[in-house]
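> For the sequence shown, this note's numbering assigns the number 430 to the last residue and increments by one with no breaks. Quick one: the structure is below, questions incoming.
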Amino acid sequence: MILSKNPPVGCLAAAFLSIMILSSDTAGGWQADPEVVRRQTERRPDFNFEEAKVPEYTLPEILQTVDGRPITTKEEWMANRADLFDLFAEHIYGHTPGRPERLTFRVTEDNPRALDGAATLRVVEIRSFQEDREHAFELLLFLPNQTGGPTPVFLLLNNRDRSNTDPTREEISEFWPVEDAIGRNYGIAAIQNRELAPDSATEYRNGVIRLFEGETEERADNAFGALAAWGWGASRVMDYFETLDEVDHRRVAVLGHSRGGKASLWTGARDERFALAISNESGCGGAALSRRRFAETVARINGNFPHWFCENFNRFNDREDDLPVDQHQLMALMAPRAVYAASADLDLWADPRGEYLSIAHASPVFELWGYAGLAPDAMPGIHQPRRGGRQGYHIREGGHNLLRYDWHRYMDMGDQIWGRK
Ligand code: GTR
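Now the structure itself:
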């Protein structure tokens, strides 16, 4: 797929058409505020915040097998899916282990009278055993009491301080709006990413990675990094959900903000038990297309956060065009399940347009199932959430954060795909 801002010379009809599409898009769609562009450029002069300076690029064809054959049916897509997944594992996120040898779930708190009786709070210690090693982390889970059966759940991979997910509800944070979810009859859960892998280049092994690899310092270039370790925790939560009657484990959404959103998308791609993966402003290495080199780049993210991805990802520093994949294909790995990406107006660092384009360019895959897609040339404006059959996107005003506005749009998506009113 060739993407170029300048229509090809010599093909006047096509040139005319793309000019038409671009101008109508400009009229209705989101545009960065030039003042915000100016301020960001001033703050980070080494990075590009101007749409006009995005280089020309060619995205890997979405309806094509990794060995270059065209894909025309959903069966062909699914037959190629594992090979595409492997490219992401091998070159970007690393290969992630599965279940440990033994896993236990211990309920440490069970309060059926939480939120004045509206919900049940359960705190669960999820403990893994591998050879002679152990690892434990905590799951926080609120389930609505007034339900007619198993409840769908939104699981947050919390990249911030635990106080954002305060189970006592003494501290209320929009980052994890328990009351809102319960009010809409959804379960809401959280795990603390740092309990799976500390978010530090020197400490990140002290968690799940040591559980599997022990004390050895040697690591393969395609071994999993911190993002994948956080998501590994989400999969163990799913193992637990599968044991519960109260949770509808076929209707679980995994959600994260920023670095948590990168982890969430990767979790959804890796673990097909998740029905919906949600990226809140995940940007580079998450929802945004790498080839756009808009704001944060592959070289910068690997340089600043060497523990997030696998070692192999460094090979693409300043060589985005050589990546065997781009992030629209990560979005497509969710098909025929659902995927949602959201951006914020002031958060140019996460490349809002690149986030929209990547979810939109995944559309041909969802269309194989007959689901309506999102058109790449029709990015919506602020506070105009757009949903296709299994894809959703919004951009809201404001900065880099996960807010109630975002959560409600995610629950709207849940309502749509799960047929709830
Ligand atoms: C930034 C990083 C982004 C994003 C963000 C966050 O410093 O450059 O990729 O992940 O942190 O997680 O808040």
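The C-beta atom is built at its ideal place from N, Cα and C for all residues, glycine as well.
To the nearest angstrom, report how far apart arginine 142 and arginine 178 are at their CA atoms.
For the purposes of this step, residue 142 is taken as the residue at position 133 of the sequence shown. For the purposes of this step, residue 178 is taken as the residue at position 169 of the sequence shown. The straight-line gap from Cα to Cα measures roughly 34 Å.
> What is the residue span of the alpha helix (DSSP H) that valine 162 lies within?
Sequence index remark: in the sequence shown, residue 162 carries index 153 (1-based). No alpha helix (DSSP H) contains valine 162, which is instead part of the beta strand (DSSP E) from 160–167.
> From phenylalanine 250 to histidine 258, what distance separates their C-alpha atoms?
For this step, residue 250 is matched to residue 241 along the sequence shown. For this step, residue 258 is matched to residue 249 along the sequence shown. Rounded to whole angstroms, phenylalanine 250 to histidine 258 spans 6 Å at the Cα level.
> Assuming contact is defined by CB atoms lying nearer than 8 Å, are leucine 253 and glycine 423 in contact in what I supplied?
On the sequence shown, position 244 is the one that residue 253 refers to. On the sequence shown, position 414 is the one that residue 423 refers to. Contact flag unset, no.
> Could you check what DSSP says for alanine 232 in three-state terms: helix, strand or coil?
Along the sequence shown, one-based indexing puts residue 232 at 223. Strand.
> Among the candidates Glu59, Phe58, Asp95, His104, whose CA atom is the shortest distance from the CA of aspartate 3?
No statement about residue 3 is possible, as the shown extent of the chain runs from 10 to 430 and does not include it.
> Phenylalanine 233 to serine 137, Cα distance in whole Å?
The residue you call residue 233 lines up with position 224 of the sequence shown. The residue you call residue 137 lines up with position 128 of the sequence shown. Computed Cα separation, rounded: 18 Å.
> Glycine 408 to glycine 265, Cα distance in whole Å?
The residue labelled residue 408 in the question sits at position 399 within the sequence shown. The residue labelled residue 265 in the question sits at position 256 within the sequence shown. Taking the straight line joining both Cα atoms gives about 16 Å.
> To the nearest angstrom, report how far apart histidine 104 and glycine 126 are at their CA atoms.
In the sequence shown, residue 104 corresponds to position 95, counting from 1. In the sequence shown, residue 126 corresponds to position 117, counting from 1. Each residue's alpha carbon lies about 43 Å from the other.
> Counting along the chain, where does the beta strand (DSSP E) carrying proline 69 start and finish?
The residue given as residue 69 occupies position 60 in the sequence shown. Unbroken run through proline 69: none, as it is neither H nor E.
> Does the Cβ of phenylalanine 267 lie closer than 7 Å to at least one heavy atom of the ligand GTR?
Translated into the one-based positions of the sequence shown, residue 267 becomes position 258. As written in the sequence, residue 267 is serine, which differs from the phenylalanine given in the question. Yes, since a heavy atom of the ligand GTR falls inside the 7 Å radius drawn around the Cβ of serine 267.
> To the nearest angstrom, how far is it from the Cα of glutamate 140 to the Cα of arginine 418?
Taking the first residue of the sequence shown as 1, we reach residue 140 at position 131. Taking the first residue of the sequence shown as 1, we reach residue 418 at position 409. One C-alpha to the other measures close to 43 Å.
> Do you know offhand how far glycine 398's Cα is from tryptophan 378's?
As a first step, residue 398 is located in the sequence shown; it is residue number 389 there, counting from the start. As a first step, residue 378 is located in the sequence shown; it is residue number 369 there, counting from the start. The straight-line gap from Cα to Cα measures roughly 10 Å.
> Relative to the alpha-carbon of isoleucine 191, which residue among Glu227, Leu124, Phe221, Ala199 has its alpha-carbon at the smallest distance?
Here residue 191 is taken as the residue at index 182 of the sequence shown, counted from 1. With distances taken between Cα atoms, isoleucine 191 lies closest to Leu124.
> Taking the C-alpha atoms as reference points, what is the distance between tryptophan 427 and arginine 260?
Residue 427 sits at position 418 when you count from the first residue of the sequence shown. Residue 260 sits at position 251 when you count from the first residue of the sequence shown. So the alpha carbons of these two residues sit roughly 8 Å apart.
> Helix, strand or coil for glutamate 254? Go by DSSP, reduced to three states.
As a position in the sequence shown, residue 254 is number 245, starting the count at 1. Just to set this straight, residue 254 is aspartate in the shown sequence, not glutamate. Aspartate 254: coil per DSSP, three-state reduction.
> Following a CB-centred definition, is glutamate 305 positioned closer than 7 Å to any heavy atom of the ligand GTR?
Here the question's residue 305 lines up with position 296 in the sequence shown. Yes, the beta carbon of glutamate 305 sits closer than 7 Å to at least one heavy atom of the ligand GTR.
> Heavy atom of the ligand GTR less than 7 Å from the Cβ of glycine 292, yes or no?
The residue given as residue 292 occupies position 283 in the sequence shown. Yes, since a heavy atom of the ligand GTR falls inside the 7 Å radius drawn around the Cβ of glycine 292.
> Does the ligand GTR have a heavy atom nearer than 7 Å to the CB of isoleucine 191?
Mapped onto the sequence shown, residue 191 falls at position 182. Outside the cutoff, so no.
> Rounded to the nearest angstrom, how far is the Cβ of glycine 196 from that of phenylalanine 151, given a contact under 8 Å?
Locating residue 196 in the sequence shown gives position 187, counting from the first residue. Locating residue 151 in the sequence shown gives position 142, counting from the first residue. Contact flag correct, Cβ pair sits at about 6 Å.
> Are the segment 359–378 and the segment 46–53 in contact at 8 Å, needing three or more beta carbon pairs?
The segment 359–378 is not in contact with the segment 46–53.
> Kindly list the residues whose CB is nearer than 8 Å to the CB of glutamate 118, restricted to its own chain and excluding five residues on each side of it in sequence; keep chain order.
Sequence index remark: in the sequence shown, residue 118 carries index 109 (1-based). Contacts found: Leu130, Arg131, Val132, Pro176.
> Quick check: what's the CA-CA separation for glutamine 155 versus arginine 122?
Translated into the one-based positions of the sequence shown, residue 155 becomes position 146. Translated into the one-based positions of the sequence shown, residue 122 becomes position 113. Taking the straight line from one Cα to the other gives about 12 Å.
> Under 8 Å: do the segment 319–328 and the segment 267–274 share three or more Cβ pairs, one atom per stretch?
Touching, no.
> Could you spell out where the alpha helix (DSSP H) holding phenylalanine 184 opens and where it closes?
Here residue 184 is taken as the residue at index 175 of the sequence shown, counted from 1. Where phenylalanine 184 is concerned, there is no enclosing alpha helix (DSSP H), given that its DSSP letter is neither H nor E.
> Of the residues Cys319, Asp280, Leu411, which one's Cα is nearest the Cα of arginine 228?
Your numbering for residue 228 matches position 219 in the sequence shown. Among Cys319, Asp280, Leu411, the Cα nearest to that of arginine 228 belongs to Cys319.
> Could you tell me the alpha carbon to alpha carbon distance between threonine 113 and leucine 220, rounded to whole angstroms?
In the sequence shown, residue 113 corresponds to position 104, counting from 1. In the sequence shown, residue 220 corresponds to position 211, counting from 1. Using only the alpha carbons, I get a separation of about 15 Å.
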